[in-house]
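Residue numbering for the sequence shown follows this note's numbering, beginning at 740 and increasing consecutively.
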Amino acid sequence: MHNCNVSGGIPEEISNLTNLTTIDLGGNKLNGSIPITLSKLQKLQGLRLEDNKLEGSIPDSICRLTELYELELGGNKLFGSIPACFSNLASLRILSLGSNELTSIPLTFWNLNNILYLNFSSNFFTAPLPLEIGNLKVLVGMDFSMNNFSGVIPTEIGGLKNLEYLFLGYNRLQGSIPDSFGDLISLKSLNLSNNNLSGAIPASLEKLSYLEDLNLSFNKLEGEIPIGGSFGNFSAESFEGNELLCGSPNLQVPPCKTSIHRTSWKNSLLLGIVLPLSTVFMIVVILLILRYRHRGKQPSNDASMPLVAMWRTFSFLELYQATDEFSENNLIGKGGFGSVYKARLGDGMEVAVKVFNLQCGRALKSFDVECEMMKSICHRNLIKVISSCSNEEFKALVLEYMPHGSLEKYLYSSNCILDIFQRLNIMIDVASALEYLHFGHSAPIIHCDLKPSNVLLDDNMVAHLRVFVDRILRIGHQSISDP
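Following this line, the structure appears as structure tokens:
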């Protein structure tokens, strides 16, 4: 019942529907408070009440929903503190509380070390960001913008290797940008604008090869703007409002003053030494920097964190139409448990739809296990599960679409050729995915079917490893396997 113009309060009798797994009442005109009786819905995995007129505090009773995976309460008038018992929500992966009137975060909250997305934007949170924020090791997106956070930015944030979106703009943060931000190897978008940050822009940010959006505007930063890595793609808007910055005229800042003026013959001598040495050590340098090299991505104007769109559910009709009635022309491949189709959604987005063959006795179990597993893994070099569609007669997963197909096509076809740089990049991407499965996850996962056909390439030739639940070994868990 999303965006259905529903008004009034949420009836307490909703708790009688004990088999509910998802409540989606977002985008309506609901008022009153959140019923404490929701705690009776022990099977609830998704609770979406965003963009209504709900008031009061967040009830502690929500903490009893131990299966809760997604909680979206943004865009209401909720006030007070986030309940301390939220640390009990071990299954929680997506939490959106933006655009409310919340004032404090309990220290126990930072024990939610399996959380993937946090949106606390546009509230009244104060005090410094705690050091314990570094506990959120699998965090992918964090939006704390438009609050009153103060103090320095914890260097511990640099340890969040999976972080792709970091928004801390419009706060009262001060001090320097941590040099540890250069370790955020997955970062795509960084917004630190409209704070009181000072000092130089760390040169370590040049290592962020995936960085597409950068906003450091309206701070008190000084010194030379870095020129390496992704910095060549950023415009003056990324740095405006920092009067003491210098660098390229293209960035609308004054040129940096140099105290040493080299003569042309010295420059020629320097080049004569550097170039031969660079040639000798070329292979070593390539191997060292390939992990950080820029992949030719253009900066995006959309710096929003893709939460709701990524995790909404789809109806059978939507997928039926998007695949042109599951046409053979859109068939990408077939497996033991089902088929995969290319689909174009109503907004033009291309995805892959994995339809499970429920005639196969173990397909249903495969679907359940795959959904459960994909909730807990997230890495830039793994195929992402965008959403799902499930009813008694139809079950499907909506996946990222890889337009360049599998690595197998490029290795064994005379029409598709990979250069040495692309091959090395793909090797690093696959190794990074395996490292995450083995060591970056609470329960180690062993991929038992690593082959070129299970390595897929996106439109930037970035490799993504395909994970099948019937071809993995989960340490400490029972796995599905073919006979």
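The C-beta atom is built at its ideal place from N, Cα and C for all residues, glycine as well.
Judged by DSSP in its simplified three-state form, residue 741 adopts coil rather than helix or strand. CA-to-CA, the gap between residue 1065 and residue 1089 works out to about 14 Å.
For residue 1120, the closest of 1135, 1126 and 1175 by C-alpha to C-alpha distance is 1175. Proximity of the region 812 to 823 to the region 1077 to 1089 falls short of the contact definition, fewer than three beta-carbon pairs being nearer than 8 Å. Apart from sequence neighbours up to five positions away, the residues of its chain that approach residue 975 with a beta-carbon distance below 7 Å are 990 and 991, ordered along the chain. Residues of the same chain with a CB within less than 7 Å of the CB of residue 1147, apart from the 5 flanking positions on each side, are 1191 and 1192 in chain order. Non-local C-beta neighbours of residue 1106 in its own chain, meaning closer than 7 Å and more than five positions away in sequence, comprise 1095 and 1134, ordered along the chain. One Cα belongs to residue 889, the other to residue 905, and the distance between them is close to 16 Å. Counting only the Cα atoms, residue 851 lies some 20 Å from residue 907. Of 753, 832 and 1166, the smallest CA-CA separation from residue 780 is found for 753. By the neighbour-count definition (other C-beta atoms within 10 Å, threshold 16), residue 1188 is an exposed residue.
For the region 824 to 877, the continuous beta strand (DSSP E) assignments of 3+ residues that do not extend past its boundaries occur at 833 to 835, 840 to 843 and 856 to 858, in sequence order. Taking the Cα positions, residue 1202 is about 25 Å away from residue 973. Annotation: the region 745 to 804 contains the following complete segments of the beta strand (DSSP E) (minimum length 3 residues), in chain order: 746 to 748, 761 to 763, 768 to 771, 785 to 787 and 792 to 795. Judged by DSSP secondary structure, residue 1169 falls within the alpha helix (DSSP H) whose first and last residues are 1159 to 1178. Here the region 823 to 838 lies against the region 794 to 811, with 3 or more beta-carbon pairs under 8 Å apart. For residue 1058, the enclosing alpha helix (DSSP H) has its first and last residue at 1055 to 1061. Three or more Cβ pairs drawn from the region 947 to 956 and the region 924 to 937 lie within less than 8 Å of each other, which places the two stretches in contact. According to the DSSP assignment, residue 1196 belongs to the beta strand (DSSP E) that extends over 1194 to 1196. Taking a cut-off of 8 Å for Cβ pairs, the region 914 to 924 and the region 865 to 878 do not touch, as fewer than three such pairs fall below it. Within 10 angstroms of the beta-carbon of residue 995 lie fewer than 16 other beta-carbons, which makes it exposed.
Assigned with DSSP and collapsed to three states, residue 1188 falls in coil, not helix or strand. Residue 766 sits away from residue 748, with the two beta carbons spaced by 8 Å or more. Residue 884 and residue 860 do touch by the CB rule: their CB atoms are close to 5 Å apart, below 8 Å.
Counted as a single uninterrupted DSSP element, the beta strand (DSSP E) harbouring residue 1089 occupies residues 1089 to 1095.
In this model, residue 856 and residue 962 are separated by some 34 Å (Cα to Cα). Rounded to the nearest whole angstrom, the C-alpha separation of residue 760 and residue 827 is 19 Å.
Rounded to the nearest whole angstrom, the CA to CA distance from residue 865 to residue 840 is 12 Å. Contact between residue 769 and residue 744 does not hold, since the beta-carbon distance rounds to 11 Å and is not under 8 Å.
The Cβ-Cβ distance between residue 951 and residue 965 does not fall below 8 Å. Between residue 853 and residue 877, the gap from beta carbon to beta carbon is short of 8 Å. Listed as beta-bridge partners of residue 811 by DSSP are 787 and 835. The secondary-structure analysis by DSSP pairs residue 963 across a beta bridge with 985. Residue environment analysis places residue 981 among the buried positions, since at least 16 neighbouring C-beta atoms fall within 10 angstroms of its C-beta. By a beta-carbon distance limit of 8 Å, residue 788 contacts residue 811. Their separation comes to about 7 Å.
Residue range 1070 to 1073 is occupied by the beta strand (DSSP E) that includes residue 1073.
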